[in-house]
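Below is one structure; the comments refer to it alone.
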Amino acid sequence: MRRWAPALAVLIGGGSALALYDVVGTVPTLVILLLQAVAARRLMHVDPQQRAVSRLDRAQELIEGHLGAETKTFEVAMAQLMDRYDQAQRRLQRNLDLRDAIFEYAPGGVVFTGVGGWVKAVNQGMRQLMPVVPNPVGKRVRSAIVHRELAATMERAVAEGQPVLAECAAGRFEILIRAAPVGDHGACIAVVVDVSPLKHAAQARSDFVANVSHELRTPITSIRGYAETLMDMPGSLDEEHVLMLGAIDRNARRLTTIFEDLLELARIEAREGELELVATPLAPLLQEVAASFEHSAQARRVDLVTVCDENIAARLHQQAFDRILGNLVANAIKFAPAKTAVRLTARDDGEQVLVEVHDSGPGIAPKYHERVFERFFRLDKGRARSQGGSGLGLSLVKHLCQATGSQVGVRSNPGHGSVFWVRFPR
Ligand code: ADP
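Numbering (this note's numbering), first residue to last: 4 to 429.
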């Protein structure tokens, strides 16, 4: 309490006593003065220590109230956090269960190796495709799974840092192995699929086509023979009959071409991957192909030009090469306008040898670039038939390329001619 406070209290008290005495008389005035004195005393004589204590009490109350609220918020936040943690854990567990189920019941074999090539997991499917030792986890693939190609494919995938495909046999199964590195530290996953049913279906289709083609070849040869004999009998037929016989002969020839191409396709499919490749200089081969088409090029008034360095060589199967180039050149001559040139070029780009056949024909829209290699696909059906094509030429080319480790494609646009290219290994 400040020093001037008691004086102020007496002043207030005295002033008010006089006023009260005037108004209410002696006794009430004395009572009121007594009460005023008690209040003044309380004001003047509160212990400073007591006031400090009560201030502290008040502060404590405030702090407790505040902390209480904070604690409550904290508890709620913790409860929410735990809730979310539980949910995340349940979700994680569900995903792990799903992964395990996919791994275990995948339609095929799956093996996963960690760093260093130690087996981490093998699924049930793998055990059905090839022998797996009991407790394979922790062993090397070679000793855990009895199949040399599998271990070799996984090692290649890790060494090359990219997925590797291998097709081979595993006992009575034809299998496809796809191995892929996982991360950069040598871990790897391999999936093994049984492709025997697909192989058998493809084989059955190929055999069927080959058999039908073979069976039909004989009656057609006979039809052609009779047609030719009749046409060779001078004077016995009128003009209309000669025309009819001409049509019979032409169509019989077309059928022969189709059946021969189908047989050839079946033969290539059966030998895919078995054709032996030999490093061969290209210039003489291109000259030979050009020479064999010189006659048909002249007939269509088309120039046939070859451009190839003497020292260029490629790994190829010569018969397959003749057939591939022969088909491409025959098409180029067929589609090239008169008085234009068909160019056969070869160049070595350091990695592969690129052989191209250029023509200035009608060209092919980009959306058909893949499709022209399908069996019986023709852009202009009427024109193709009238020119005697079987619709199988480019399909044959594609299969021959696949069988001999080369690739084929086309660069072309309508009105700008076409360039059919083949990449051969060096
Ligand atoms: P076809 O016996 O009909 O020639 P192909 O398989 O050799 O069969 O060719 C398929 C189709 O691709 C042809 O019908 C034609 O429409 C198109 N084609 C092939 N070569 C050329 C080319 N050089 N220029 C334009 N179109 C072509």
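Ideal Cβ positions, reconstructed from N, Cα and C, are used throughout, including at glycine. Just so it is clear, the structure is predicted and the values come from calculations on it, not from any experiment.
**Report entry** Beta-carbon gap between LEU178 and VAL161 smaller than 7 angstroms
**Finding:** On the sequence shown, residue 178 is found 175 positions in, with the first residue counted as 1. On the sequence shown, residue 161 is found 158 positions in, with the first residue counted as 1. For clarity, residue 178 is Ile in the given sequence; the question names Leu instead. Their beta carbons are not under 7 angstroms apart, which means ILE178 does not touch VAL161 by this criterion.
Query - Helix, strand or coil at HIS361 according to DSSP, with G and I counted as helix - result: As a first step, residue 361 is located in the sequence shown; it is residue number 358 there, counting from the start. Strand at HIS361.
**Report entry** Beta-carbon proximity check, PRO428 vs ARG318, cutoff 7 angstroms
**Finding:** Taking the sequence shown and counting its residues from 1, the one referred to as residue 428 is at position 425. Taking the sequence shown and counting its residues from 1, the one referred to as residue 318 is at position 315. For PRO428 and ARG318, yes; Cβs fall inside 7 angstroms.
**Report entry** Residue nearest to ALA349 in terms of C-alpha spacing, selected from ALA286, SER295 and GLU377
**Finding:** Reading the sequence shown from its first residue, position 346 is the one you call residue 349. Here the closest residue by C-alpha is ALA286.
Query raised in the report: Is DSSP giving GLY412 helix, strand or coil here?
Result: In the sequence shown, residue 412 corresponds to position 409, counting from 1. GLY412 falls in the strand class under three-state DSSP.
Query raised in the report: In this structure, what does DSSP give as the bridge partners for ASP306?
Result: The count along the sequence shown starts at 1 and reaches residue 306 at position 303. Answer by DSSP bridge pairing, in chain order: ALA344.
**Report entry** PRO287, DSSP secondary structure in three states
**Finding:** Along the sequence shown, read from residue 1 onward, the residue named residue 287 stands at position 284. Here PRO287 sits in helix by DSSP.
Query raised in the report: If you draw a straight line from the alpha carbon of ARG61 to that of PRO51, how long is it in whole angstroms?
Result: The residue labelled residue 61 in the question sits at position 58 within the sequence shown. The residue labelled residue 51 in the question sits at position 48 within the sequence shown. Each residue's Cα considered, the two are about 15 angstroms apart.
Query raised in the report: Would the beta-carbon of ALA334 be found less than 6 angstroms away from any heavy atom of the ligand ADP?
Result: Locating residue 334 in the sequence shown gives position 331, where the first residue counts as 1. Rather than Ala, the amino acid found at residue 334 in this sequence is Asn. The answer is yes for ASN334.
Query raised in the report: Would you say ALA91 faces chain B, with C-beta separation under 7 angstroms as the test?
Result: Reference to chain B is not applicable here, since this structure consists of a single protein chain.
Query raised in the report: Can SER393 be considered in contact with the ligand ATP, in the sense that its beta carbon sits closer than 6 angstroms to one or more heavy atoms?
Result: This structure lacks the ligand ATP; its bound ligands are the ligand ADP.
**Report entry** Three-state class that DSSP yields for VAL422 in the structure shown
**Finding:** One-based indexing of the sequence shown puts residue 422 at position 419. DSSP places VAL422 in strand when its eight states are reduced to three.
Requested in this report: Measure the C-alpha to C-alpha separation of LYS123 and GLY117 and round it to an integer number of angstroms.
Outcome: Here residue 123 refers to the residue found at position 120 of the sequence shown. Here residue 117 refers to the residue found at position 114 of the sequence shown. Answer to the nearest angstrom: the Cα atoms are 6 angstroms apart.
Requested in this report: Go through the segment 126 to 178 residue by residue and report every complete run of the alpha helix (DSSP H) that reaches 4 residues or more, in order.
Outcome: Counting whole runs of 4 or more residues, the segment 126 to 178 contains the alpha helix (DSSP H) stretches 127 to 132, 144 to 147 and 151 to 163.
Query - CA-to-CA distance, GLN405 to VAL310, given in whole angstroms - result: To locate residue 310, count along the sequence shown from 1; it is residue 307. To locate residue 405, count along the sequence shown from 1; it is residue 402. Looking at the two C-alpha atoms, the distance is approximately 25 angstroms.
Query raised in the report: Taking DSSP as the reference, what is the three-state secondary structure of ILE180?
Result: Here residue 180 refers to the residue found at position 177 of the sequence shown. ILE180 falls in the strand class under three-state DSSP.
Query raised in the report: Using 8 angstroms as the threshold, is the segment 395 to 402 in touch with the segment 322 to 330, meaning 3 or more CB pairs across them?
Result: yes
Query raised in the report: Can you tell me where the alpha helix (DSSP H) with ALA91 in it begins and where it stops?
Result: Locating residue 91 in the sequence shown gives position 88, where the first residue counts as 1. From DSSP, the alpha helix (DSSP H) with ALA91 extends over 51 to 108.
Requested in this report: Give the secondary structure of VAL292 by DSSP, where H, G and I count as helix, E and B as strand, and everything else as coil.
Outcome: Taking the first residue of the sequence shown as position 1, residue 292 is located at position 289. Correct three-state label for VAL292: helix.
**Report entry** N- and C-terminal bounds of the beta strand (DSSP E) containing VAL194
**Finding:** Position 191 of the sequence shown, counted from the start, is the residue given in the question as residue 194. Looking at the DSSP string, the run of the beta strand (DSSP E) that includes VAL194 is 190 to 197.
Query raised in the report: In terms of residues, what are the limits of the alpha helix (DSSP H) holding ARG451?
Result: One cannot answer for residue 451 here, as it falls past the ends of the chain, which runs 4 to 429.
Query - Segment limits, alpha helix (DSSP H) that includes VAL400 - result: Counting from one through the sequence shown, the residue named residue 400 turns up at place 397. Run containing VAL400: 396 to 406, per the alpha helix (DSSP H) assignment.
Query raised in the report: For PRO428, which residues does DSSP report across the bridge?
Result: Position 425 of the sequence shown, counted from the first residue, corresponds to residue 428. DSSP output for PRO428 lists GLN355 as bridge partner(s).
Query raised in the report: Leaving out five residues before and five after ASP306 in sequence, what residues of the same chain have Cβ atoms less than 6 angstroms from its Cβ?
Result: Counted from its first residue, the sequence shown places residue 306 at position 303. So the qualifying residues of the chain are ALA344.
Query - Backbone CA spacing between ARG175 and ALA182 [nearest angstrom] - result: If you number the sequence shown from 1, residue 175 lands on position 172. If you number the sequence shown from 1, residue 182 lands on position 179. Note on geometry: alpha-carbon atoms of ARG175 and ALA182 lie some 21 angstroms from one another.
Query raised in the report: Roughly how many angstroms lie between the CA atoms of VAL308 and HIS419, to the nearest whole one?
Result: To locate residue 308, count along the sequence shown from 1; it is residue 305. To locate residue 419, count along the sequence shown from 1; it is residue 416. Whole-angstrom Cα-Cα distance: 19 angstroms.
Requested in this report: Hey, could you find the ends of the beta strand (DSSP E) VAL375 is sitting in?
Outcome: Mapped onto the sequence shown, residue 375 falls at position 372. No beta strand (DSSP E) holds VAL375; DSSP gives it neither H nor E.
Query - Spatial distance of ARG145 from ALA154 (CA atoms) - result: In the sequence shown, residue 145 corresponds to position 142, counting from 1. In the sequence shown, residue 154 corresponds to position 151, counting from 1. When rounded, the distance between both Cα atoms is 6 angstroms.
Query - Coarse secondary structure for GLY111, derived from DSSP in three states - result: For the purposes of this step, residue 111 is taken as the residue at position 108 of the sequence shown. Three-state result, GLY111: coil.
Report task. Give me the Cα-Cα distance between PRO134 and SER199, rounded to the nearest whole angstrom. Result -> Here residue 134 refers to the residue found at position 131 when the sequence shown is read from its first residue. Here residue 199 refers to the residue found at position 196 when the sequence shown is read from its first residue. Looking at the two C-alpha atoms, the distance is approximately 18 angstroms.
Query raised in the report: Is LEU248 closer than 7 angstroms to MET234 when the C-beta atoms are compared?
Result: Stepping through the sequence shown from its first residue, residue 234 is reached at position 231. Stepping through the sequence shown from its first residue, residue 248 is reached at position 245. A distance below 7 angstroms separates the beta carbons of MET234 and LEU248.
Query raised in the report: Quick one: what does DSSP say ALA368 is sitting in, helix, strand or coil?
Result: By one-based count along the sequence shown, residue 368 stands at place 365. Assigned with DSSP and collapsed to three states, ALA368 falls in coil, not helix or strand.
Report task. Ignore the nearest five residues each way along the sequence and tell me which others in PHE338's own chain have a CB closer than 8 angstroms to its CB. Result -> Here residue 338 refers to the residue found at position 335 when the sequence shown is read from its first residue. Closer than 8 angstroms at the Cβ level, and outside the excluded window around PHE338, lie ASP362, GLY364, PRO365 and SER421.
Report task. Evaluate the contact criterion for the segment 98 to 107 versus the segment 163 to 171: three or more CB pairs, one atom per stretch, below 8 angstroms. Result -> no
Report task. Kindly confirm or deny that the segment 256 to 274 and the segment 294 to 305 touch, where touching means at least three C-beta pairs closer than 8 angstroms. Result -> No, they do not touch.
Requested in this report: Count the other CB atoms, across all protein chains shown, that sit within 10 Å of the CB of PHE296; report buried if there are 16 or more and exposed otherwise.
Outcome: Position 293 of the sequence shown holds residue 296. Counting Cβ neighbours within 10 Å, PHE296 comes out buried, since at least 16 surround it.
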